[in-house]
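Student:
Residue numbers (my numbering): 28 to 291.
#1: Classify residue 264 as buried or exposed, calling it buried when 16 or more other Cβ atoms lie within 10 Å of its own Cβ.
#2: Do you know how far the Cα of residue 219 is from the Cα of residue 148?
#3: Ignore the nearest five residues each way along the sequence and tell me which others in residue 173's own chain have a CB closer than 7 Å to its CB.
#4: Taking the alpha-carbon of residue 180 as reference, which of 144, 224, 89 has the nearest alpha-carbon?
#5: Tell me the DSSP secondary structure of residue 121 in three-state form.
#6: Taking the C-alpha atoms as reference points, what is the distance between residue 57 and residue 288?
#7: Kindly list the residues whose CB is nearer than 6 Å to the CB of residue 121, restricted to its own chain and excluding five residues on each side of it in sequence; keep chain order.
#8: Classify residue 71 as buried or exposed, calling it buried when 16 or more other Cβ atoms lie within 10 Å of its own Cβ.
#9: Could you check where the beta strand (DSSP E) with residue 152 kicks off and where it finishes?
#10: Which one of 109, 235, 195 has the shortest CA to CA distance from residue 51?
#11: Mind checking residue 32: buried by the 16 CB within 10 Å criterion, or exposed?
#12: In angstroms, rounded to a whole number, what distance separates the CA positions of residue 193 and residue 143?
#13: Residue 165: which of 183, 175, 152, 141 sits nearest, CA to CA?
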């Protein structure tokens with residue numbers, strides 16, 4: 028920080044160049060320290076997931092990213108598997124999780140899960156692109172659990188709509204928790220718990236916005252600095268004049284059960 032003005036001495040071009048050079052693999056968000064903040068859900072997903080993993084015998088983490096959340100668990104089941112579809116993340120997750128005894132399987136997000144029926148007693152996921160509940164139900168054992176944190180509807184849409192303009196209702200309502208509840212129940216899963224929260228995000232410089240859009244690529248599809256430079260510069264000036272750009276994420280926690288079918 029500039030000690031005379033209190034303002035960051037880096038220019039728009041400096042901040043953007045730094046963000047463009049930053050690696051985007053995995054779900055490590057430490058690059059944002061001091062540049063952006065996001066409130067966390069009250070249910071503390073990583074800690075709650077770790078507690079579930081400690082009591083499981085066979086677990087599957089779907090769309091594990093770089094494996095960072097799964098690796099944060101102190102105790103893993105005797106059989107632990109993770110899937111990931113993006114090649115760069117597959118390599119990162121493999122390096123991180125193999126030493127912990129976790130098998131990382133390269134599997135496209137929209138493909139059937141490459142596992143036998145009733146293979147796992149716990150399936151987890153943090154921020155899946157889409158939860159395929161029929162496949163989750165198929166690979167769960169009777170009595171097994173799907174425990175996951177999902178991104179909710181219109182999450183960080185202040186950023187999306189700044190660049191893309193107002194979005195139609197069907198786009199804003201995608202990933203709605205009640206719609207996903209209905210999909211889960213249609214797949215034969217029972218909802219033991221569903222919690223929803225809306226959380227404040229602050230972007231303190233334009234570099235944080237650029238890095239976010241490069242990392243979370245589905246927010247503004249096809250985003251490049253070159254394509255959006257005028258809007259980025261306008262937002263940079265707005266942040267300098269008015270302070271952090273404020274957005275809101277939406278999150279929901281699913282605790283689902285596969286029923287035990289009585290033979291009577």
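Quick reminder that beta carbons are idealized off the backbone N, C-alpha and C, glycines included.
Tutor: Put simply:
#1: exposed
#2: 15 Å
#3: 150, 163, 167, 216, 281, 283
#4: 224
#5: helix
#6: 45 Å
#7: 131
#8: exposed
#9: 147-153
#10: 235
#11: Unreliable positioning characterises residue 32 in this predicted model, as indicated by a pLDDT of 41, which lies under 50. The coordinate reading is nonetheless provided below. Looking at its Cβ environment, which holds fewer than 16 other Cβ atoms inside 10 Å, residue 32 is exposed.
#12: 43 Å
#13: 141
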